[in-house]
Amino acid sequence: MLVRDFWFRCLSVGLSCAFVFSGRSSAQSVTVSDVVIFTNSTLGNPATTPAQGRDGSLYGTIDGSNASPGNFFKFSSIGAIKTLYTPNVSEAYGVISSLTLGTDGNFYGVIEGSSSITSGEYGNLFKLSPNGTFTILHTFSPGTDGAFPLGAPIQATDGNLYGTTYGGNVAFSTVYKYTRAGQFSTIYVILTAQGMWANSVLQGADGNLYITCFEGGIQNNGTIVKVSTSGRFLSYYAFPGGGNGSLPLGGLVLASDGNYYGTTNQGGSLGAGFGAAFRLTPSGKVTVIHSFTDQSHNSYFPVGLIQATDGYLYGVTTAGGQNGVGTLYRLSTSGAYTDLYNFSTSVGNNVQGLMQDTSGLLYGSANQGSTNGYGAMLSINLGLGPFIRVIEQSSSAGKTIEILGQGFTGTQSVTVNGFAASSFSVVNDTYLTAVVPTGATTGPVVVTTPTATLTSNQNLIIH
Numbered sequence: 049m050l051v052r053d054f055w056f057r058c059l060s061v062g063l064s065c066a067f068v069f070s071g072r073s074s075a076q077s078v079t080v081s082d083v084v085i086f087t088n089s090t091l092g093n094p095a096t097t098p099a100q101g102r103d104g105s106l107y108g109t110i111d112g113s114n115a116s117p118g119n120f121f122k123f124s125s126i127g128a129i130k131t132l133y134t135p136n137v138s139e140a141y142g143v144i145s146s147l148t149l150g151t152d153g154n155f156y157g158v159i160e161g162s163s164s165i166t167s168g169e170y171g172n173l174f175k176l177s178p179n180g181t182f183t184i185l186h187t188f189s190p191g192t193d194g195a196f197p198l199g200a201p202i203q204a205t206d207g208n209l210y211g212t213t214y215g216g217n218v219a220f221s222t223v224y225k226y227t228r229a230g231q232f233s234t235i236y237v238i239l240t241a242q243g244m245w246a247n248s249v250l251q252g253a254d255g256n257l258y259i260t261c262f263e264g265g266i267q268n269n270g271t272i273v274k275v276s277t278s279g280r281f282l283s284y285y286a287f288p289g290g291g292n293g294s295l296p297l298g299g300l301v302l303a304s305d306g307n308y309y310g311t312t313n314q315g316g317s318l319g320a321g322f323g324a325a326f327r328l329t330p331s332g333k334v335t336v337i338h339s340f341t342d343q344s345h346n347s348y349f350p351v352g353l354i355q356a357t358d359g360y361l362y363g364v365t366t367a368g369g370q371n372g373v374g375t376l377y378r379l380s381t382s383g384a385y386t387d388l389y390n391f392s393t394s395v396g397n398n399v400q401g402l403m404q405d406t407s408g409l410l411y412g413s414a415n416q417g418s419t420n421g422y423g424a425m426l427s428i429n430l431g432l433g434p435f436i437r438v439i440e441q442s443s444s445a446g447k448t449i450e451i452l453g454q455g456f457t458g459t460q461s462v463t464v465n466g467f468a469a470s471s472f473s474v475v476n477d478t479y480l481t482a483v484v485p486t487g488a489t490t491g492p493v494v495v496t497t498p499t500a501t502l503t504s505n506q507n508l509i510i511h
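Per this note's numbering, the sequence shown runs over residues 49 to 511.
What follows is the structure, given as structure tokens:
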């Protein structure tokens, strides 16, 4: 089984929008709505989790196909959509990753390949400005720099971008770094015994990089590889298969309890092995906390997790449920599981991951279904309130941090774990900056506006 067969391959689509379709779960207070409905087969189906920008809009991508190289677009919570850039076939072909918002306000991502050897047959790392200016930063080759990137790069606490390729050196996956000065380097080559088909990277609380590999390892069931940002190998975990899970998909999330959580697309102790959710401790111990099964309309084939502001983990599956096309579910860090919503072809199905907007709503992309059959961008209302997101994971006294949210006009104060910011500046109603005060310690950032007190979804680490 290849990652290419798993990763959402878009066929084609055009764009239209409306806030029209809504489905409600009778068992929970959950409302799922089609925010953007895709109408035809011109450009491709949506296939990546959207990213929030400084302007409060959400930014997404459409994969390329034989008919089209893909598309970049942004949309609002009421469905207003704008196409930002349509690359040519020499710039993009195949899977386009989700977008990562950088501290410079631009978005970063990767394209699996293009139609031209000289301009990116083996993939491109790119930058996209909020107004649609597209720039290729690095063109991959099948040599030492790797080939065929899939997962979006991350911006680490050192300000550099880190990502992975699932090819390179003919067969091996690689971990790369792209510096703020524009220098590209391969920092680590993942050998087959350590993992194959690297597809995501996360920076942990310890500052190291955690990379999930869909296959490879001792039993060829996939692995988690840990390396430093300098490229030093630290450890790896090989999934044993069976009841302990196999084929990790969707990457890891660092939860508020200090542990890491993720899903495998197969394995697990129930049924015939239809996936599992697992916990990874900082010491490297992996424990399955939930096994998925296809029995009695249960959901199966999970594709990743997020932690929302209520402390619960949320995820989606691509199969099972009452309608057979997957569900939205909630999972506590101890493993208590609840199916919240059954996706359908009328609202949208084959949902590929989730994110939480600072409004409190969750968003995701349905690669198929909805009114016209070509997918939709979905909003999911769980009744969670608004919050703020600090783009930086860590900072220090005197440094400027960037904050996303809403209602910032007229902001009265910004604090870091109770210490008033040295200064702050409201750039627009959804974006402000603040200077970390002397004496501040690790903790939440709080913004007080004329109408609300908004708290960050994660602590800001002060060093």
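We put the CB at the ideal spot given by N, CA and C, even for glycine.
### Query
Can you check whether the CB of L452 is closer than 8 Å to the CB of I428?
Contact: no.
### Task
Could I get the ranges of all uninterrupted beta strand (DSSP E) runs contained in the stretch 399-475, with 3 residues as the minimum, in chain order?
Segments of the beta strand (DSSP E) lying fully in the stretch 399-475: 410-416, 424-429, 448-452, 461-464.
### Query
Does the stretch 391-404 touch the stretch 129-138, meaning 3 or more C-beta pairs lie closer than 8 Å?
At 8 Å Cβ cutoff, the stretches do not touch.
### Query
With 16 as the cutoff for other CB atoms within 10 Å, does S382 come out buried or exposed?
Exposed is the call here.
### Query
Grouping DSSP H, G and I as helix and E and B as strand, with all else coil, what is Q231?
It is coil, neither helix nor strand.
### Query
Quick one: any contact between the stretch 414-422 and the stretch 455-463, if contact means 3 or more CB pairs under 8 Å?
Touching, no.
### Query
Per DSSP, which one or two residues make a beta bridge with D387?
For D387, the pairing in a beta bridge is given by DSSP as Y377.
### Message
So for N292, helix, strand or coil by DSSP?
### Response
In the structure shown, N292 sits in a helix (DSSP, three-state: H, G or I).
### Message
Could you tell me the alpha carbon to alpha carbon distance between L297 and G264, rounded to whole angstroms?
### Response
Approximately 13 Å, taken between the alpha carbons.
### Task
Would you mind stating whether Y141 and P117 have Cβ atoms separated by less than 8 Å?
Closer than 8 Å, so yes.
### Task
Measure how close the beta-carbons of N208 and Y226 come, nearest whole angstrom, since I'm counting them as under 8 Å.
7 Å between Cβ atoms; contact.
### Task
Determine the DSSP secondary structure at V172, reduced to helix, strand or coil.
The residue you asked about is not Val; residue 172 is Asn in the sequence shown. The DSSP-derived three-state label of N172 is strand.
### Message
Is any non-hydrogen atom of the ligand SAH found closer than 7 Å to the C-beta of S504, if you look at the structure I gave you?
### Response
No copy of the ligand SAH occurs in the structure displayed, which carries no ligand at all.
### Message
Let me make sure I understand the geometry here. Which of G150, F120, T131 has the alpha-carbon closest to that of I144?
### Response
The shortest C-alpha separation from I144 is found at F120.
### Query
Just curious, the beta strand (DSSP E) that V83 is in, first and last residue?
Its beta strand (DSSP E) spans residues 78-86.
### Message
If I follow the unbroken beta strand (DSSP E) through N119, where does it start and stop?
### Response
Where N119 is concerned, the enclosing beta strand (DSSP E) stretches over 119-123.
### Task
Would you tell me roughly how many angstroms separate the C-alpha atoms of F349 and N476, rounded to the nearest one?
Spanning the two alpha carbons is a distance of roughly 41 Å.
### Query
In angstroms, rounded to a whole number, what distance separates the CA positions of T212 and P498?
Going by the C-alpha atoms only, they are around 43 Å apart.
### Task
Over the uninterrupted beta strand (DSSP E) stretch that includes H338, give me the two end residues.
Where H338 is concerned, the enclosing beta strand (DSSP E) starts and stops at 334-339.
### Task
With DSSP collapsed to three states, give me the class of A75.
Its pLDDT being 48, under 50, A75 is placed unreliably by the model, and the measurement read from it follows with that caveat. Three-state DSSP puts A75 in coil, outside helix and strand.
### Message
Here's the rule: buried if 16 or more other CB atoms are within 10 angstroms of the residue's CB, otherwise exposed. What is P330?
### Response
Exposed.
### Query
How would you label V493, buried or exposed, when you count the other beta carbons within 10 angstroms and need 16 or more for buried?
Its Cβ being crowded by 16 or more others within 10 Å, V493 is buried.
### Message
Could you give the first and the last residue of the continuous beta strand (DSSP E) run that contains L257?
### Response
Run containing L257: 257-263, per the beta strand (DSSP E) assignment.
### Task
Would you identify the three-state DSSP class for H186, choosing helix, strand or coil?
It is a strand residue.
### Task
Going by DSSP, name the residue or residues bridged to F220.
According to DSSP, F220 bridges with nothing at all.
### Query
Can you give the beta carbon distance from T260 to G299, rounded, assuming they're within the 8 Å contact cut?
The C-beta distance from T260 to G299 rounds to 5 Å, short enough to meet the 8 Å contact threshold.
### Where L361 sits in the DSSP three-state scheme
DSSP, read as helix, strand or coil, puts L361 in strand.
### Query
Can you list, in chain order, the residues of its chain whose CB lies under 7 Å from that of F281, leaving out five sequence neighbours each side?
For F281, where only same-chain residues beyond five positions count, the Cβ hits under 7 Å are Y236, V275.
### DSSP state of Q506 mapped onto helix, strand, coil
Note: Q506 maps to coil in three-state DSSP.
#### Entry: Endpoints, beta strand (DSSP E) assigned at T486
Careful: T486 lies outside any beta strand (DSSP E) and carries neither H nor E.
#### Entry: DSSP-derived helix/strand/coil call for T393
Three-state result, T393: coil.
### Query
In whole angstroms, what separates the C-alpha of N507 from that of T97?
About 23 Å.
### Task
Taking S278 as the reference, give the member of Q242, I337, D206, G289 with the closest Cα.
With distances taken between Cα atoms, S278 lies closest to D206.
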